[in-house]
Every structure is written in structure tokens, then in C-alpha cells.
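One structure below.
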Amino acid sequence: MKVRSYPGRPVEAMGLSYEANWAGLRSPFKRLENSRDEPISVTSTVASSFEYVPRGKTVSFEDEEFSIPRPKLLVPVHTYGIRKRRTGMVLQSGRSGSGDNHPQKSQQSRTQNKSCPEGRVEASRENKYLRTLASGEVFGELAILYNCKRTATIKAASDCKLWAIERQCFQTIMMRTGLIRQTEYTDFLKSVPIFKNLPEETLIKISDVLEETYYNEGDYIIRQGARGDTFFIISKGQVKVTMKQPTSVEEKFIRTLTKGDFFGEKALQGDDLRTANIIADDPEGVSCLVIDRETFNQLISGLDEVRTRYKDELIDRKRLNEEFEGLRLSELRVLATLGVGGFGRVELVQIAHDPTRSFALKQMKKSQIVETRQQQHIMSEKEIMGEANSEFIVKLYKTFKDRKYLYMLMESCLGGELWTILRDKGFFDDHTTRFYTACVIEAFDYLHSRNIIYRDLKPENLLLDVSGYVKLVDFGFAKKLTHGRKTWTFCGTPEYVAPEVILNRGHDISADYWSLGVLMFELLTGTPPFTGADPMKTYNIILKGIDAIEFPRNITRNANVLIKKLCRDNPAERLGYQKGGISEIQKHKWFDGFNWEGLRSRTLTPPLAPKVRSVTDTSNFDDYPPDADGPPPDDITGWDADF
Numbered sequence: 001m002k003v004r005s006y007p008g009r010p011v012e013a014m015g016l017s018y019e020a021n022w023a024g025l026r027s028p029f030k031r032l033e034n035s036r037d038e039p040i041s042v043t044s045t046v047a048s049s050f051e052y053v054p055r056g057k058t059v060s061f062e063d064e065e066f067s068i069p070r071p072k073l074l075v076p077v078h079t080y081g082i083r084k085r086r087t088g089m090v091l092q093s094g095r096s097g098s099g100d101n102h103p104q105k106s107q108q109s110r111t112q113n114k115s116c117p118e119g120r121v122e123a124s125r126e127n128k129y130l131r132t133l134a135s136g137e138v139f140g141e142l143a144i145l146y147n148c149k150r151t152a153t154i155k156a157a158s159d160c161k162l163w164a165i166e167r168q169c170f171q172t173i174m175m176r177t178g179l180i181r182q183t184e185y186t187d188f189l190k191s192v193p194i195f196k197n198l199p200e201e202t203l204i205k206i207s208d209v210l211e212e213t214y215y216n217e218g219d220y221i222i223r224q225g226a227r228g229d230t231f232f233i234i235s236k237g238q239v240k241v242t243m244k245q246p247t248s249v250e251e252k253f254i255r256t257l258t259k260g261d262f263f264g265e266k267a268l269q270g271d272d273l274r275t276a277n278i279i280a281d282d283p284e285g286v287s288c289l290v291i292d293r294e295t296f297n298q299l300i301s302g303l304d305e306v307r308t309r310y311k312d313e314l315i316d317r318k319r320l321n322e323e324f325e326g327l328r329l330s331e332l333r334v335l336a337t338l339g340v341g342g343f344g345r346v347e348l349v350q351i352a353h354d355p356t357r358s359f360a361l362k363q364m365k366k367s368q369i370v371e372t373r374q375q376q377h378i379m380s381e382k383e384i385m386g387e388a389n390s391e392f393i394v395k396l397y398k399t400f401k402d403r404k405y406l407y408m409l410m411e412s413c414l415g416g417e418l419w420t421i422l423r424d425k426g427f428f429d430d431h432t433t434r435f436y437t438a439c440v441i442e443a444f445d446y447l448h449s450r451n452i453i454y455r456d457l458k459p460e461n462l463l464l465d466v467s468g469y470v471k472l473v474d475f476g477f478a479k480k481l482t483h484g485r486k487t488w489t490f491c492g493t494p495e496y497v498a499p500e501v502i503l504n505r506g507h508d509i510s511a512d513y514w515s516l517g518v519l520m521f522e523l524l525t526g527t528p529p530f531t532g533a534d535p536m537k538t539y540n541i542i543l544k545g546i547d548a549i550e551f552p553r554n555i556t557r558n559a560n561v562l563i564k565k566l567c568r569d570n571p572a573e574r575l576g577y578q579k580g581g582i583s584e585i586q587k588h589k590w591f592d593g594f595n596w597e598g599l600r601s602r603t604l605t606p607p608l609a610p611k612v613r614s615v616t617d618t619s620n621f622d623d624y625p626p627d628a629d630g631p632p633p634d635d636i637t638g639w640d641a642d643f
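Read in order, the letters of the sequence shown correspond to residues 1 to 643 in full-length UniProt numbering.
Structure below.
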């Protein structure tokens, strides 16, 4: 609930929700011309585009499959303010970020990334020269990921031409191509007898792990008599099937297979001797979608069973809501401030006639929610928290609203933030980390069994109750997914963002398992494994993978193995997302001897016991000055009617 302050640690990137609007979608790259000394991108402006300078020739983008009209050409680049923003664009828990040191100043709000096909541009900051970019170089990469401010000025050093792509266009294309690919792959799978009766969710998971492999004409894809564990679907070209008879030296032609046909399915069922040759038989080459037996077995077992360990406790939740049904905002008495956030403050309050309990009241400025386009996230947070009933998730009791603010009355966790304790101690031992990680796993088990993705795990969002148990808070980025589907919103804390989020490939609950591995590493060392001087550097480190990270010696072998199994680049390979679900994490060697039932029944003794003297004790939180800002403007547009 406060600014997290260590070097190189940005906070959240703005979560830009959007609905794909195919009608009238323009070609992604716009050709832009600038004269020498003309500003292209100015420090502190809000960026929305990525720029690229094509090397040697111009760049065009046209794909009949998407029916995207051709771009408008020769649009002056300075009309697209390249803005680079400091991290923490939308701070659900009220944090601001450390600096983003990317080169790129103005009051325009844009979303482009630009590239220089001809000429040269110069980058400067506060009138100090930084570097020159020439043909083939790009700037503004973060702009196509999220709303960000430029931190340097880009000026044409000569007459130049740029190509620019806007964020929403880029993200829309990525989302659409991802959906088209997913649909095509699942359609292929439905034509295979051993797959056709599997539920849609299972087919989607299998399609995620299919790898496309290319073969030149004449290549043997399968050789008769060889052992194999791989299944193939032809996605492009054709192959010929031949077989060598025991009495003949020559291979006998059997038939031709084309796009959509498959072979090697018996290898997935354990029959590993190939009974025929499969040879690429297309002058333009053959592409096949491939999956091996081990990957198939990891995914297929248990995927067609919906997890039902948790029963909906609708009656208890209904009683909880009824208890506060008649409560009015005027009956709440503010005692102290627990935190300050991007949208307002979190106050410790009591009901005037009940001194035996205290609550946390989250107060959010409506005007700021609208300004940062977070209406949908706030409504989703209210809905998800309002329905949640888990001992490992902070409870939401009631919501209020007036002309200036939205309010959420929640359970107060007076043990403070886990981040504060981690900051003071430096790092945790295995025993302590195991307990807090287990609490998060229980929270994820509850959410994921209801198809809810959390997307904002970090120590700042873990609060200790008076007993020392951890609870998940701040559901501003949480989202309920359609069964088996993905989401393309770019959101989260840079160090915790999964690779598929960065690459705009669509993500689901598997992204939470990635962040769980990152959390383990940070709790054990005091620093996340992926940290850079600015968000883009952090993302590049993430894309290099967990295997490129050096683990400190204090991380035990079992912890090392578990972190690496959670932080797999391929989402389908992450522990927790495979056939055994989240129980595979609970059964890992690192958790050997851990009392899961004791945790669920809250009979397990926490490693750290917070000192809380009364229901009004705020000693585990930092002190905050009174709000110096005046009251925000009224918002009566009605977008919050259902809040």
C-alpha cells in the first residue's frame, strides 16, 4: 500500500483492456515523413506507438486473411507523440514506480512505436545528446505494450521517413492471429479419432503445446522400424507413405497425405515402432504440427475433469452480505490511514456502534479511474472479491459510492504487508518461504477452480492477518475467464510478468504459476530473479528465461527445481498447469512434510507472529500524512451504476 523503493524496481504496467474491433482496422504500419530538426518524440509525452526504420527499403503490411485495409501514408510523425511513461501506470495498491530510462517530451497522449527506414534521428534528454539512430533501428518499443511516458526527445537529424504502428492495432492483430491459430489447431485435433471426444478446454491446451516443424522435399519424417514417441498433423504441403515388404528391396507406395491429415497417433498410446515411412513430398516443403508422448501424457490425464475440491459456500457468503446490507457510509468512523494508492487511500475504520471490530475502507477517486481507463478492472475487482469466500483471500463486505469516490469495505489485516517484513529482514529462510508460498497456492487453488486469473502476485499484495496467515489482496487485475479461453490484456508488475504476456500471445491461469516461481525466488533472496534498469530491460531478461538466471547458494536444490518448473517459458509445461493441476506443486519435494490440512484448518503455527495489540493497532503499517490534495471533481456519468 505504499511505494516500493529499491533501485530498478518498477511497479505495475497499466492494464489496457480492449475489445477487438475488426471493422475498419487499419494496416498496422503508417509511413511518416519528417524534415531535419523536426521533433519526432518528446520527453514525458505519453507514448502509444512503436517506430521502426526499415533497412534499405520500405515496409508494408497487408494480409488478406485479416482483411486489413492499407495504411494512410505520409502522416507527419510529430502528430503521434511518442510518450514513455514511468512504470506503475495504474497502481491498484497505490504505488508509484521508479524511473524508466528509455530515450524519448509534450502533452500528447499517443500509442505508437516507430522505425526509421530512411535518414537519421537523434535522442536527447534535457538537451543532452544521447545517441543517433539510423536506418533499420527502432524506438518506442514499450508503447505497443502499455501506456508509458517518454523519457527522452527524438529529433530528426536529417530528412527521414519512419514507419509507425499503434498499440491498439498491434495488440488487436496479435490477439486475432492468436485466436485464428488456436481455432485452426483445435479444428485439426477434432479430426483425430483419439482427440475428437475431448472437451474444448483440453483441445485448447493441447493446441498450445503443438510445435510446427518444417521438412524439405525428400526428408524422412518417419522411418519404418524406428522407435518413435511423436504424433504429427500436416499443416502445409503433402507427404507420401511408403512401406518396405519383407520380400522386396523396393519401398512400396501406399498413399499420399495432405493438409489436415495426421500420422503417428499410436506413438501417443505406447506403440513406439513405426510401421511405415513418411516422406516429405512437396517442392515447397512440408510443415507439421508435432506433439510428443511425454507432453501429451502430462496434459491429457485429468484435464477432462473439472476440479471440484472446493464447494461453493453460497449460504455463508449470503449471510455475510446480509450482515452488512443496511450499513451506511456515514456510520463508518475513520481511525488511521493504512496505505496510499494511485486512486486514493485505504483507511482503517470502525462502525460507530461496534468498537469490537475494525475494517479496511478502500477509497478510490472516480475521476482518476476514468482518466486511466480502469472502469472495467474496478468493476471486475468488485465482482470477484464480492463472490470470493476463502480464508486466503481478503473478504469484501460491502461497497459504497458517492459523486466523487467509490468505496470498498474489506476485512482488515493488521499484521501488515509481507513486503514490509521482507524489506526489514532482507530475505526469508526455506521454512518461512514455504509457509507463505503455501498460503498463495491455496488462494490460487480457490481462484483457478473458478476460472479466475489473478495476474498481480507480489509481496506488496500479501497481507498478514493477526494470526500471521497470509491473505491475497488487490484484485484490480483479476479476471474471470471463459472455460479454456485466454485473455490478451497487458497488465501486472514488470518483474512478475510472464513471457506470453510480453509477447502478446494470450495468457491464462498458467501466468499465475510463473509469478509464483518469481515470488518464491524473491522471498528466498530479497530480489526478484528478473530485474532491469527499466521495464524493457526487465522484459528482455524475462524472455531469456529462468535458466539464464544465476541462483544464489542459499536457495536449496529442491527450491531451485520447483522455481524452474514454475517458470517454464512454455505455459503448458509449468507445474500446476499439467495433468495433476495445482496438487503437483503441493506434492513437490520442496513441500515434503508440509502440513497442508493444518494450513487449511488454520491449526498450523505461522513462522512469524505479528504483534497486534488491539483491533485499532496500526503499528505494522507505515505512517502517512493527511491527504494534501483537494477533493476530486464529481463524476456522474453513471458508469459505476452496478458498483
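Cβ atoms here follow ideal geometry from the backbone N, Cα and C, with glycine treated the same way.
Could you give the distance in angstroms between the alpha-carbon of valine 561 and the alpha-carbon of glutamine 586?
-> Taking the sequence shown and counting its residues from 1, one reaches residue 561 at position 561. Taking the sequence shown and counting its residues from 1, one reaches residue 586 at position 586. If I take the Cα positions, the gap works out to 14 Å.
List the residues that DSSP assigns as beta-bridge partners of histidine 507.
-> Looking up residue 507 in the sequence shown gives position 507. Its beta-bridge partners are Thr487.
Spatially closest choice to glutamate 137 from Glu126, Lys579, Glu122 and Asn127, by CA coordinates | As a position in the sequence shown, residue 137 is number 137, starting the count at 1. When each option's Cα is compared against that of glutamate 137, the closest is Glu122.
Cα-Cα, which of Lys252, Ala267, Phe263 and Lys240 is closest to proline 283?
-> Start at 1 with the first residue of the sequence shown, and residue 283 comes out as number 283. Measuring from the Cα of proline 283, the nearest candidate turns out to be Lys240.
Going by other Cβ atoms of all chains shown within 10 Å of its Cβ, with 16 needed for buried, is tyrosine 539 buried or exposed?
-> As a working mapping, residue 539 is identified with position 539 in the sequence shown. That one is buried.
Inter-residue spacing [alpha-carbon to alpha-carbon] between lysine 579 and asparagine 297 = In the sequence shown, counting from the first residue as 1, residue 579 sits at position 579. In the sequence shown, counting from the first residue as 1, residue 297 sits at position 297. It is roughly 8 Å from the alpha-carbon of lysine 579 to the alpha-carbon of asparagine 297.
Secondary structure at isoleucine 582, three-state DSSP: helix, strand or coil?
-> As a working note, residue 582 is residue 582 in the sequence shown. DSSP places isoleucine 582 in coil when its eight states are reduced to three.
Can at least three beta-carbon pairs, one atom from the stretch 568-576 and one from the stretch 403-423, be found at a separation below 8 Å?
-> No, they do not touch.
Helix, strand or coil at glycine 228 according to DSSP, with G and I counted as helix = Residue numbering aside, residue 228 sits at position 228 when the sequence shown is read from its first letter. Coil.
Where the beta strand (DSSP E) through residue 645 begins and ends | Examination of residue 645 is not possible in this model, given that the chain is present from 1 through 643 alone.
Short check: CB of lysine 365 to CB of phenylalanine 343, under 8 Å?
-> The count along the sequence shown starts at 1 and reaches residue 365 at position 365. The count along the sequence shown starts at 1 and reaches residue 343 at position 343. Going by beta carbons, lysine 365 and phenylalanine 343 fall inside the 8 Å limit.
How about tyrosine 496: is its Cβ closer than 7 Å to a heavy atom in the ligand GDP?
-> The model depicted lacks the ligand GDP and carries no ligand whatsoever.
Report the option in Leu481, Thr275 and Thr256 whose CA atom is closest to the CA atom of glutamate 265.
-> Indexing the sequence shown from 1 puts residue 265 at position 265. The shortest C-alpha to C-alpha distance from glutamate 265 to any of Leu481, Thr275 and Thr256 is the one to Thr275.
Applying the criterion that 16 or more other CB atoms from any shown protein chain within 10 Å of the CB defines a buried residue, is serine 515 buried or exposed?
-> Counted from its first residue, the sequence shown places residue 515 at position 515. Classification of serine 515: buried, given that the 10 Å Cβ count is 16 or more.
Straight-line Cα distance separating glutamate 500 from glycine 237 | For the purposes of this step, residue 237 is taken as residue 237 along the sequence shown, with counting starting at 1. For the purposes of this step, residue 500 is taken as residue 500 along the sequence shown, with counting starting at 1. Between the alpha carbons of glycine 237 and glutamate 500 lies a distance of about 29 Å.
On a CA-only basis, which of Ala511, Ile502, Gln376 and Glu371 is nearest lysine 537? Give me that one, please.
-> Your numbering for residue 537 matches position 537 in the sequence shown. Shortest Cα-Cα distance from lysine 537 to any of Ala511, Ile502, Gln376 and Glu371 involves Ile502.
Which residue comes first and which comes last in the alpha helix (DSSP H) that contains tryptophan 596?
-> As a position in the sequence shown, residue 596 is number 596, starting the count at 1. Taken as a continuous stretch (DSSP letters only), the alpha helix (DSSP H) holding tryptophan 596 covers 596-600.
Would you mind sorting methionine 385 into buried or exposed? The rule is 16 or more other CB atoms within 10 Å of its CB.
-> Within the sequence shown, residue 385 is the residue found at index 385, counting from 1. Looking at its Cβ environment, which holds 16 or more other Cβ atoms inside 10 Å, methionine 385 is buried.
Is alanine 156 helix, strand or coil by DSSP?
-> Counting from one through the sequence shown, the residue named residue 156 turns up at place 156. Alanine 156 falls in the strand class under three-state DSSP.
Where the beta strand (DSSP E) containing tyrosine 405 begins and where it ends | On the sequence shown, position 405 is the one that residue 405 refers to. Note, tyrosine 405: beta strand (DSSP E), 405-411.
Beta-carbon proximity check, serine 380 vs alanine 478, cutoff 8 Å | Residue 380 sits at position 380 when you count from the first residue of the sequence shown. Residue 478 sits at position 478 when you count from the first residue of the sequence shown. Cβ distance < 8 Å, so serine 380 and alanine 478 count as in contact.
Report all residues from its chain with a CB closer than 8 Å to the CB of lysine 259; omit the five preceding and five following residues, and keep chain order.
-> Locating residue 259 in the sequence shown gives position 259, where the first residue counts as 1. If the five residues before and after lysine 259 are omitted, its C-beta is found closer than 8 Å to the C-beta atoms of Ile234, Ser235, Lys236, Gly237 and Gln238, all from its own chain and listed in chain order.
Quick one: grab the DSSP three-state call for tryptophan 590.
-> Within the sequence shown, the letter at position 590 stands for residue 590. Secondary structure at tryptophan 590: helix, using DSSP grouped into helix, strand and coil.
For glycine 119, is the classification buried or exposed, using 16 other Cβ atoms within 10 angstroms of its Cβ as the cut-off for buried?
-> Along the sequence shown, one-based indexing puts residue 119 at 119. Taking all protein chains shown into account, glycine 119 has 16 or more neighbouring C-beta atoms within 10 Å of its C-beta and is therefore buried.
Can you say whether histidine 507 is buried or exposed, counting buried as having 16 or more other CB atoms within 10 angstroms of its CB?
-> Residue 507 sits at position 507 when you count from the first residue of the sequence shown. By the Cβ-count criterion, histidine 507 is buried, with 16 or more other Cβ atoms from all chains shown falling within 10 Å of its own Cβ.
Would you kindly work out how many angstroms separate the C-alpha atoms of glycine 339 and arginine 176, rounded to a whole number?
-> Translated into the one-based positions of the sequence shown, residue 339 becomes position 339. Translated into the one-based positions of the sequence shown, residue 176 becomes position 176. So the two alpha carbons sit approximately 40 Å from each other.
Looking at the unbroken beta strand (DSSP E) that takes in arginine 150, where does it start and where does it end?
-> Along the sequence shown, one-based indexing puts residue 150 at 150. Counting along the chain, arginine 150 falls outside any beta strand (DSSP E), and DSSP gives it neither H nor E.
Going by the CB atoms, is the gap between phenylalanine 263 and isoleucine 278 shorter than 8 Å?
-> For this step, residue 278 is matched to residue 278 along the sequence shown. For this step, residue 263 is matched to residue 263 along the sequence shown. Contact: yes.
Closest by CA to phenylalanine 444, which one among Asp534, Asp354 and Gly581?
-> Residue mapping note: residue 444 aligns to position 444 of the sequence shown, counting from 1. Per the C-alpha coordinates, the member of Asp534, Asp354 and Gly581 positioned closest to phenylalanine 444 is Gly581.
Sheet register partners of asparagine 277 (DSSP bridge) = On the sequence shown, position 277 is the one that residue 277 refers to. Bridge partners of asparagine 277 according to DSSP: Thr242.
Proximal residues to lysine 404 (C-beta, below 8 Å), its chain only, five neighbours per side dropped = Position 404 of the sequence shown, counting from 1, holds the residue named residue 404. Taking lysine 404 as the centre and dropping the five residues before and after it, the same chain places the C-beta of Lys365, Lys366, Ser367, Pro631, Pro632, Pro633, Asp634 and Asp635 closer than 8 Å to its C-beta, in chain order.
Have a look at Lys382, Asp354, Pro355 and Leu189 and flag the residue whose alpha-carbon is nearest the alpha-carbon of lysine 362.
-> Numbered from 1 along the sequence shown, position 362 holds the residue referred to as residue 362. Of the listed residues, the one whose Cα sits closest to lysine 362 is Lys382.
Identify every run of the alpha helix (DSSP H) within the stretch 497-547, keeping only runs that are complete inside it and at least 4 residues long; order them along the chain.
-> Fully contained in the stretch 497-547 are the following alpha helix (DSSP H) runs of length 4 or more, in chain order: 499-502, 510-525 and 535-544.
Residue range of the beta strand (DSSP E) that includes cysteine 288 = Position 288 of the sequence shown, counted from the start, is the residue given in the question as residue 288. 286-292 is the extent of the beta strand (DSSP E) around cysteine 288.
Output the distance between the C-alpha atoms of lysine 252 and cysteine 169, rounded to the nearest integer angstrom.
-> Against the sequence shown, residue 252 aligns to sequence position 252. Against the sequence shown, residue 169 aligns to sequence position 169. Roughly 52 Å between the two C-alpha positions.
C-alpha distance - threonine 132 paired with lysine 471, whole-angstrom precision | Numbered from its first residue, the sequence shown carries residue 132 at position 132. Numbered from its first residue, the sequence shown carries residue 471 at position 471. Here the alpha carbons of lysine 471 and threonine 132 stand approximately 49 Å from one another.
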